[in-house]
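> In the numbering used here, the protein residues as written are 1233 to 1484.
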Ligand SMILES: N[C@@H](CCC(=O)N[C@@H](CS)C(=O)NCC(=O)O)C(=O)O
């Protein structure tokens, strides 16, 4: 326990029981919020949340780096294990949560082939989607935006989106699908949650009408998932430090 928490670790974190999420309202944070909310609806899962103001760099302080050397959110701490188990990397957190709590495989699969599919799409987005979209968001909102850099990342994001479009449209066979993994038309799973949290703003991140027109199945998939109550909650006010300042972690 002594190497796990430091003197300056916020009391809210040290005293947390059960599952404790440290997060912020960002795409990687939101994917974990959404799955937690889904597991709450399905099984009554409980957890507590702490928020970090990323602009204040709390996530780069020693107390946080002990928990996640990568200095980034979200992280999930399971205080039900001894010692507590910390999970970093949002996709690994989704995987931990379905293993822990999704006993009926509502958001995961029992069949090894379907598991393999879900794992492929989870890793595809983690490795080839979110890093490029993260850079695209950064450079396109940057004051001295370099058009070549913005264009390079935009093309990479569009390429990743087209990979998903191929999958959902069945362009090269297999028929159209509703979700990324699973037999037939697929089943809503963490493979979808993982990428949806990033792609949900597909119509607001600087793509032209022509570019969007190439992605009809992906846009339908965005809309299909957006209406889930757990998804709506995962995006919103429970994770907003303006609404819940008492969740905010600030050390001197
Ligand atoms: N690969 C990591 C990336 C995490 C990440 O980039 N988190 C961002 C917010 S979405 C962050 O903490 N940014 C603040 C920083 O880099 O200091 C994951 O999937 O969890």
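Cβ atoms here follow ideal geometry from the backbone N, Cα and C, with glycine treated the same way.
What I want to know is whether the C-beta of residue 1322 ends up closer than 8 Å to one or more non-hydrogen atoms of ligand 1.
Residue 1322 Cβ: within cutoff of ligand 1.
> Identify whether residue 1427 lies in helix, strand or coil by the three-state DSSP scheme.
DSSP places residue 1427 in helix when its eight states are reduced to three.
> Can you tell me which of 1355, 1328, 1443, 1441 puts its alpha carbon nearest to the alpha carbon of residue 1412?
Comparing Cα positions, the closest option is 1355.
> Where does residue 1308 sit, in a helix, a strand or coil, going by DSSP?
Residue 1308: strand per DSSP, three-state reduction.
> Cβ of residue 1308 within 8 Å of any heavy atom in ligand 2?
Looking for ligand 2 in the displayed structure turns up nothing; the ligands present are ligand 1.
> Say yes only if the C-beta of residue 1305 is nearer than 8 Å to one or more non-hydrogen atoms of ligand 1, and no if none qualify.
The answer is yes for residue 1305.
> Tell me whether the beta-carbon of residue 1339 lies closer than 9 Å to the beta-carbon of residue 1347.
Result no, Cβ atoms of residue 1339 and residue 1347 do not sit closer than 9 Å.
> By a C-beta neighbour count over all protein chains shown, 10 Å radius and 16 as the cutoff for buried, is residue 1345 buried or exposed?
The residue in question, residue 1345, is exposed, as its Cβ has fewer than 16 Cβ neighbours within 10 Å.
> Am I right that residue 1222 and residue 1380 are in contact with their C-beta atoms under 8 Å? What's the rounded C-beta distance?
Here the chain has residues from 1233 to 1484 only, and residue 1222 is not among them.
> Looking only at its own chain, which residues have a Cβ that is under 7 Å from the Cβ of residue 1429, when we skip the five neighbours before and after it?
For residue 1429, where only same-chain residues beyond five positions count, the Cβ hits under 7 Å are 1259, 1262, 1263, 1266.
> Can you give the Cα-Cα distance for residue 1217 and residue 1414, rounded to whole angstroms?
With the chain covering 1233 to 1484 only, the question about residue 1217 has no answer from this structure.
> Within its chain, find whatever has a CB closer than 7 Å to the CB of residue 1278; leave out the 5 residues flanking it on each side and keep chain order.
1250.
> Flag residue 1259 as yes when its Cβ comes closer than 8 Å to any non-hydrogen atom of ligand 1, and as no otherwise.
Indeed, a heavy atom of ligand 1 lies less than 8 Å from the Cβ.
> Confirm the yes/no value for this check: CB of residue 1366, any heavy atom of ligand 1, distance under 8 Å.
Yes.
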